[in-house]
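Asks: Below are the structure tokens for one structure; questions will follow.
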Amino acid sequence: MRAKKPLGILSLALICLVLFGVPAAAQTAESDTLRIGLLAPTTGPFAAFGRMQTEGAILALEEHGYTVSGHPIEFIIEDTRLDGEIAVDKSRKLNEEDNVHVIIGPTSGGVGLSVLDWARDSGVPVIMSYAAPEDITMRLAAHNVVRNSWTGAQPMDPFGYWVATELGYSRIYMIGEDYSYPYNQAGGFKRGFCRGGGEVVTTVWHPMPTEDFSSFLARIPRTGYDAVLYNGAGSNAVAFVNQYIEFGMLDVHPLLGQSNTFEQGDLPAMLLEAAGGLSAIQYVESLETPEFLRFKEAYQERWGRVPAAAAEHTYTAIVMTLRAVEAIDDFNDRDALIEALRSTDYPDAPRGGFYLDEYANPVHNVYIREVREVDGALMNVGIVRVPEVSQFGPYDPDVYMAQPVDARDYPPDLCAEMPAEMLDVEEVYEFVPMEDGR
Amino acid sequence: MTAVGRITRTQYVIYGVLIALAVVLVSFPAWLPAYYLTTVTRILFYSMLAMSLSFLAGQGGMVSLTQTGLFGFSAYVLAILSVHYDAPFPFPLLIAIVGTVALAVVFGVIAMRTYGTYFLILTLALGQIVWAVAQQWTSVTEGFDGIQGTRAPIIGDLSFRDPANFYWVLLVVFLACFFLLRAVINSPFGLALRGTRESPVRMAALGFTVPRIRLAAFVIAAVPAAIAGTFFVQFTGIVTPVTLSLDRTVWILLIVILGGVGSLGGTVIGVFVAMMFEVVVTRFTERYLTAMGITFLLLVLFAPNGIMGVVDSIRNRFARRARAAADDRDQPEPPATGAQ
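Protein sequence lines, in the order shown, are assigned to chains C and A.
Residues 1 to 438 in this note's numbering are what the first sequence spells out, letter by letter.
Residues 439 to 778 in this note's numbering are what the second sequence spells out, letter by letter.
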């Protein structure tokens with residue numbers, strides 16, 4: 001009897017395969033339907049981001065009645081669970097089984113890099129709508145991968161420059177999460193800060209996740225620094241900011257944040273004393289341009305909450321796709337679709353107009369924002385708008401990409417050790433004070 | 439019915455099924471839709487990882503939570519050598535497998551003198567060490583983001599990046615691992631290993647060096663895990679700390695329990711069911727993990743021996759019925775000896 005066991009098992013497996021496999025294989029793709037896939041972490045620790053991404057995309061599709069140029073649109077959502085391998089598998093599924101024309105993309109940096117690696121070989125057009133590693137549109141750029149969001153350094157370079165020149169700070173103490181996105185944020189900040197005349201950005205990294213920051217807070221020198229910058233987000237940021245306040249550190253050094261430290265979704269969990277915190281990103285909820293107000297009201301009506309950057313970025317990714325499809329004859333022509341996506345110019349985007357640079361990363365406004373208490377609740381209010389910020393800041397792309405990738409220990413903490421070509425450039429930023437929310 | 443005739447007929451059936459099965463397995467790339475070939479490929483390399491745990495847990499009573507660590511270590515070594523150092527094929531592959539087996543020797547020596555829960559906890563710690571190194575030694579492992587860009591080799595005109603070629607190589611290696619592990623289980627060594635599972639003290643009294651037997655089993659089990667890791671990284675192109683996280687470890691453990699601990703075939707079915715379950719259920723709901731959890735709960739409540747336990751009990755019932763029928767027909771003949 002024992003010898004027969006594996007045969008029975010394997011035949012059972014075979015029967016199951018036929019049962020499962022054949023119905024699925026019978027599905028055929030309609031050639032006149034535009035198919036769009038969304039990779040989002042709809043379960044797990046980043047599920048809130050996944051939900052916002054899904055909502056933004058669905059809003060855009062509903063506004064277009066799920067049609068484009070008379071063709072119906074099919075929208076397929078796949079859960080990445082914030083795992084690169086799952087994301088690659090789901091990308092394969094979207095391509096090989098659903099035959100999608102475009103994949104709109106993953107949330108976190110590592111997952112973004114994984115999908116980029118897959119996309120390079122498969123050739124499927126991908127819009128990175130929330131993954132921020134700069135090399136996706138720099139040193140590792142693939143022709144079929146475009147981005148409509150940002151790179152880690154992009155908002156921090158003008159922010160660092162502004163902190164040095166406008167606030168007059170010259171010494172910053174930075175505590176950050178120990179992984180690549182904060183490295184890139186720190187890199188952008190240091191470059192801008194040093195160009196603006198700063199002297200030192202002392203950098204300390206903490207493991208992910210950290211709940212108790214008392215040992216880090218105790219190590220912050222009481223004198224010799226102008227401000228503390230917390231380079232982290234999510235539950236870490238809530239814990240850090242609240243403990244910073246409770247330790248009375250606000251009386252010692254003012255607090256700055258990275259792009260996502262004061263996310264709208266996290267502000268309700270922070271103490272009201274967090275008001276005054278400064279940060280910079282390409283999005284601010286207080287914007288009062290007609291494009292943003294229309295988007296915000298439509299989103300609130302549909303989903304009952306204020307849209308965050310993650311929602312706007314998938315919304316605009318869908319609109320970009322539909323405009324690209326309208327601009328070409330046949331969306332089954334992949335090369336034409338990629339070219340149309342790469343030449344995106346989107347002047348009426350809710351966050352403010354943007355266009356893609358030659359590496360297919362947006363050039364757009366960066367907003368410097370201050371946390372304020374409005375009607376008893378905290379919210380971000382834009383105070384300065386920096387128009388047309390590129391992923392390369394003021395640098396020539398070739399000079400920028402010849403530098404090492406931002407890492408734990410690069411760029412150096414001391415501005416005096418910064419390479420000369422990173423300090424000696426013509427400044428391009430214009431800091432426009434925001435009045436009436438614009 | 440003579441005894442000779444019965445064996446011959448059974449052999450015919452066996453050979454027929456074997457040939458049909460071989461034809462179907464080998465011909466998958468020709469007719470299976472692309473994504474299903476992807477899924478079968480994943481089933482094969484995850485099966486090798488699951489078999490590694492199933493062998494240790496079922497034969498040696500060693501529920502090891504280090505196997506995904508070894509799997510991930512192998513994937514990392516291959517990725518680091520081929521992406522960061524551009525080492526030519528086959529060096530990254532060989533170094534990855536040999537290195538993982540060497541690591542298994544070290545881990546095995548540390549873990550061998552513990553049993554049961556202590557073994558579980560110790561191997562959990564060892565697996566978490568590999569994970570922590572992958573996560574935090576950022577200059578080598580690129581930390582949280584992991585390493586992208588590993589590809590299967592191209593040898594001459596033969597590209598193993600082609601899904602069909604990749605699948606065929608994997609299939610051969612998988613079958614080799616499957617039957618070699620079976621041979622180990624059925625060998626005197628396998629018997630000795632089961633002896634250490636049942637009663638280490640008695641085995642020692644009989645003159646066996648129990649830690650050495652368990653260490654050998656641990657090292658043998660590392661081989662399919664290491665090979666699976668190399669296929670994994672060359673197929674997905676990436677390896678991140680998530681690959682060897684505790685979540686993945688528990689997932690593999692659940693699959694082994696689902697399939698039935700100790701049965702290699704059951705383990706393969708467990709992986710197959712879990713993967714297909716995922717592919718099918720995610721079509722209807724994103725709550726895949728909830729559905730999986732409920733299924734697992736029901737399984738543990740009603741079929742604690744896993745899928746293979748159900749299969750065995752059905753087969754035993756048929757065997758009993760056949761035996762009863764034979765007894766009715768021909769009272770004097772003793773019951774068939776082959777039936778369990």
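A virtual CB, placed ideally from N, CA and C, is assigned to each residue, including glycine.
1. Starting from residue 130(C), find everything on chain A with Cβ-Cβ shorter than 8 Å and list it in chain order.
2. Go through its chain and collect everything with a Cβ distance to residue 43(C)'s Cβ below 7 Å, but skip five positions before and after it.
3. What are the start and end residues of the beta strand (DSSP E) that includes residue 204(C)?
4. Taking 8 Å as the cut-off, decide whether the C-beta atoms of residue 460(A) and residue 539(A) are in contact.
5. How should residue 536(A) be labelled, buried or exposed, when 16 other C-beta atoms within 10 angstroms of its C-beta is the threshold for buried?
6. Which residue's Cα is closest to the Cα of residue 349(C): 195(C), 283(C) and 249(C)?
7. My output table needs one value for residue 692(A): the three-state DSSP class, helix, strand or coil.
8. Measuring alpha carbon to alpha carbon, tell me which residue in 103(C), 98(C) and 94(C) is nearest residue 337(C).
9. Go ahead and label residue 23(C) buried or exposed: buried means 16 or more other beta carbons lie within 10 angstroms of its beta carbon, across all protein chains shown.
10. Sorted by chain position, which residues of the same chain lie with C-beta nearer than 7 Å to residue 182(C)'s C-beta, five sequence neighbours on each side aside?
11. Mind pulling the chain A residues with CB within less than 8 Å of residue 203(C)?
12. Could you check the C-alpha separation between residue 478(A) and residue 340(C) for me, to the nearest Å?
13. Looking at C-alpha atoms only, which residue of 347(C), 52(C) and 93(C) is the closest neighbour of residue 714(A)?
14. Check the Cβ-Cβ distances between residue 518(A) and every residue of chain C, and say whether any is below 8 Å.
15. Between which two residues does the beta strand (DSSP E) holding residue 368(C) run?
16. Would the beta-carbon of residue 523(A) fall within 8 Å of that of residue 677(A)?
17. Run through DSSP, which three-state label would residue 64(C) get?
18. Can you tell me where the beta strand (DSSP E) holding residue 38(C) begins and where it ends?
19. Does DSSP put residue 313(C) in a helix, a strand or coil?
20. By the DSSP assignment, the beta strand (DSSP E) with residue 102(C) in it spans what residues?
21. Looking only at C-alpha atoms, which of 665(A), 642(A) and 500(A) sits nearest to residue 607(A)?
22. Helix, strand or coil for residue 446(C)? Go by DSSP, reduced to three states.
23. What does residue 118(C) reach in chain A if we use C-beta pairs closer than 7 Å?
24. Mind checking residue 26(C): buried by the 16 CB within 10 Å criterion, or exposed?
25. Short check: CB of residue 688(A) to CB of residue 84(C), under 8 Å?
26. Below 6 Å CB to CB, which residues in the same chain sit around residue 149(C) once its five sequence neighbours on both sides are set aside?
27. If residue 227(C) sits next to residue 256(C), beta carbons under 8 Å apart, how far is it from one beta carbon to the other, in whole angstroms?
28. For a test of the three-state rule: what should DSSP assign to residue 171(C), helix, strand or coil?
29. Would you mind listing the beta strand (DSSP E) stretches within the stretch 94-176 of chain C that are 3+ residues and don't spill past its ends, in chain order?
30. How would you write the range of the alpha helix (DSSP H) that residue 215(C) sits in, first residue to last?
31. Are at least three pairs of beta-carbons, each pair with one atom in the stretch 538-558 of chain A and one in the stretch 151-162 of chain C, less than 8 Å apart?
32. If you scan the stretch 205-290 of chain C from start to end, which runs of the beta strand (DSSP E) of 3 or more residues do you find wholly inside it?
33. Give the residues of chain A in contact with residue 93(C), contact being defined as C-beta atoms less than 7 Å apart.
34. In the DSSP assignment, the alpha helix (DSSP H) including residue 642(A) goes from what residue to what residue?
35. Are the Cβ atoms of residue 225(C) and residue 191(C) separated by less than 8 Å?
36. Apart from the five residues on each side of it in sequence, which residues of its chain come closer than 7 Å, Cβ to Cβ, to residue 331(C)?
Replies: Per the coordinate set shown:
1. On the first sequence, residue 130(C) is found 130 positions in, with the first residue counted as 1. Going along chain A, no residue has its Cβ under 8 Å from residue 130(C), so there is no contact; the nearest lies around 15 Å.
2. On the first sequence, residue 43(C) is found 43 positions in, with the first residue counted as 1. Excluding sequence neighbours, residue 43(C) sits near 79 and 81.
3. Numbered from its first residue, the first sequence carries residue 204(C) at position 204. Its beta strand (DSSP E) spans residues 200-206.
4. On the second sequence, residue 460(A) is found 22 positions in, with the first residue counted as 1. On the second sequence, residue 539(A) is found 101 positions in, with the first residue counted as 1. No, they are not a contact pair.
5. Here residue 536(A) refers to the residue found at position 98 when the second sequence is read from its first residue. Residue 536(A) is exposed by the Cβ-count criterion.
6. Position 349 of the first sequence, counted from the first residue, corresponds to residue 349(C). That would be 283(C), whose Cα lies nearest to the Cα of residue 349(C).
7. Here residue 692(A) is taken as the residue at index 254 of the second sequence, counted from 1. Note: residue 692(A) maps to helix in three-state DSSP.
8. Translated into positions along the first sequence, residue 337(C) becomes position 337. Out of 103(C), 98(C) and 94(C), 103(C) has the C-alpha closest to the C-alpha of residue 337(C).
9. Within the first sequence, the letter at position 23 stands for residue 23(C). Residue placement at residue 23(C) is poorly supported in this model, since its pLDDT is 47, which falls under 50; the coordinates still yield a value, given next. It counts as exposed.
10. Within the first sequence, numbered from 1, the residue matching residue 182(C) stands at position 182. 176, 231, 232 and 258, listed in sequence order.
11. Walking along the first sequence from the start, residue 203(C) turns up at place 203. Neighbours of residue 203(C) on chain A: none; closest Cβ ~14 Å, over 8 Å.
12. Along the second sequence, one-based indexing puts residue 478(A) at 40. Along the first sequence, one-based indexing puts residue 340(C) at 340. Distance between the alpha carbons of residue 478(A) and residue 340(C): 36 Å.
13. Here residue 714(A) is taken as the residue at index 276 of the second sequence, counted from 1. Looking at the Cα atoms, 93(C) is the closest of the given residues.
14. In the second sequence, the residue the question calls residue 518(A) occupies position 80. For residue 518(A), the answer is no, since every Cβ of chain C falls outside 8 Å of its Cβ.
15. Counted from its first residue, the first sequence places residue 368(C) at position 368. First-last of the beta strand (DSSP E) with residue 368(C): 362-374.
16. By one-based count along the second sequence, residue 523(A) stands at place 85. By one-based count along the second sequence, residue 677(A) stands at place 239. In this structure, residue 677(A) does not lie closer than 8 Å to residue 523(A) by Cβ.
17. Along the first sequence, read from residue 1 onward, the residue named residue 64(C) stands at position 64. The answer is coil: DSSP assigns residue 64(C) none of H, G, I, E or B.
18. Taking the first residue of the first sequence as position 1, residue 38(C) is located at position 38. 34-40 is the extent of the beta strand (DSSP E) around residue 38(C).
19. Within the first sequence, residue 313(C) is the residue found at index 313, counting from 1. It is helical.
20. Within the first sequence, the letter at position 102 stands for residue 102(C). 102-104 is the span of the beta strand (DSSP E), which, as asked, contains residue 102(C).
21. For the purposes of this step, residue 607(A) is taken as residue 169 along the second sequence, with counting starting at 1. With distances taken between Cα atoms, residue 607(A) lies closest to 665(A).
22. With chain C covering 1 to 438 only, the question about residue 446(C) has no answer from this structure.
23. As a working note, residue 118(C) is residue 118 in the first sequence. Correct list: 675.
24. On the first sequence, position 26 is the one that residue 26(C) refers to. Confidence in residue 26(C) is poor, its pLDDT being 47 and thus under 50, which makes the residue's placement unreliable; the coordinate value appears in the next sentence. It is exposed - the Cβ of residue 26(C) has fewer than 16 other Cβ atoms within 10 Å.
25. Indexing the second sequence from 1 puts residue 688(A) at position 250. Indexing the first sequence from 1 puts residue 84(C) at position 84. Not closer than 8 Å, so no.
26. The sequence position of residue 149(C) within the first sequence is 149, counting from 1. Result list for residue 149(C): 129, 130 and 313, in chain order.
27. On the first sequence, residue 227(C) is found 227 positions in, with the first residue counted as 1. On the first sequence, residue 256(C) is found 256 positions in, with the first residue counted as 1. Between residue 256(C) and residue 227(C) the Cβ distance is about 5 Å, and since that is below 8 Å, they are a contact.
28. Counting from 1 along the first sequence, the entry for residue 171(C) is found at position 171. Reduced to three states, the DSSP call for residue 171(C) is strand.
29. 102-104, 126-128 and 145-147
30. Here residue 215(C) corresponds to residue number 215 of the first sequence, with the count starting at 1. Residues 214-219.
31. no
32. 227-231, 255-257 and 278-281
33. Against the first sequence, residue 93(C) aligns to sequence position 93. Neighbours of residue 93(C) on chain A, chain order: 473.
34. For the purposes of this step, residue 642(A) is identified with residue 204 of the second sequence, where counting begins at 1. Unbroken alpha helix (DSSP H) run through residue 642(A): 638-643.
35. On the first sequence, position 225 is the one that residue 225(C) refers to. On the first sequence, position 191 is the one that residue 191(C) refers to. Against a cut-off of 8 Å, the Cβ pair of residue 191(C) and residue 225(C) comes out as no contact.
36. For the purposes of this step, residue 331(C) is identified with residue 331 of the first sequence, where counting begins at 1. For residue 331(C), where only same-chain residues beyond five positions count, the Cβ hits under 7 Å are 34, 101, 325 and 337.
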